[in-house]
Amino acid sequence: MKSKKCVGFLSWLLLCAFILTPFFAQAVRSSGAWQELTEQTAAINGTPPQADSVTIPVYQGSVQLRSDAANSVDYSAKPSQFSTSDAGSAMTLTNPHDTEGDIFADPPLAWQAERAPTVTLVWADAATPDTPLSPQPSANLTFCEQNMAGRHLVVWP
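Spelled out as structure tokens, the structure:
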């Protein structure tokens, strides 16, 4: 009698295990990450991508200056030799995403005013970078001719 109860209980337990197995397998599959953060996607349902900010590169001639380090500039350099690029391919977007959280490799740039902003360079002393020089350096004179040789300056686009 005891062995019949044990066999009946084991067969009932085995039946329950077979019935519940697909549910556990589905739970394991669905508990994984919906989207890997390293994968890049495109817009879904037409939601426009956004970015927190954009970094505009500054060039001296054809050489892009590093924004994370000091750049040496020759005394004979003129402010007119410095420029920016407002081309979308030259700008670096900070945290590009859309409302679904999709990550974009190279999201298209669109400006709120439907045209790219005009970018000019503003010079400041490195000790007080938030205060622009007044007057700004003359574009056609060298830094040496303007008594700025040896100074530590920053330039903001």
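As numbered in mature numbering (1 follows the signal peptide of the UniProt record, and there is no 0), residues -27 to -1, 1 to 130 make up the sequence shown, in order. Glycine residues also receive a C-beta, built at the ideal position from the N, C-alpha and C atoms.
Closest by C-alpha distance to G34, out of G123, A42 and V46, is V46. The beta-carbon separation of T28 and M64, rounded to 7 Å, stays under the 8 Å limit for a contact.
When the beta-carbon positions are compared, P130 and T57 come within less than 9 Å of each other. Check the Cα spacing between T93 and each of V128, F116 and T115: the tightest is with V128. D59 and D25 have their C-alpha atoms spaced approximately 17 Å apart. Taking C-beta separations shorter than 6 Å and ignoring five residues to either side along the sequence, the partners of A89 in its chain run D59, following chain order. As DSSP reads the structure, V127 sits in a beta bridge with A97. The beta carbons of Q109 and P52 sit closer together than 9 Å. Within the same chain, V127 and W129 come within 8 Å of P102 by CB-CB distance, once the 5 residues on both sides are set aside. Residues A97 and D98 of the same chain have their beta carbon placed closer than 8 Å to that of T104, with the five preceding and five following residues left out of the count. Contiguous beta strand (DSSP E) elements confined to the stretch 25 to 55 occur at 26 to 28 and 31 to 33, taking only those with 3 or more residues.
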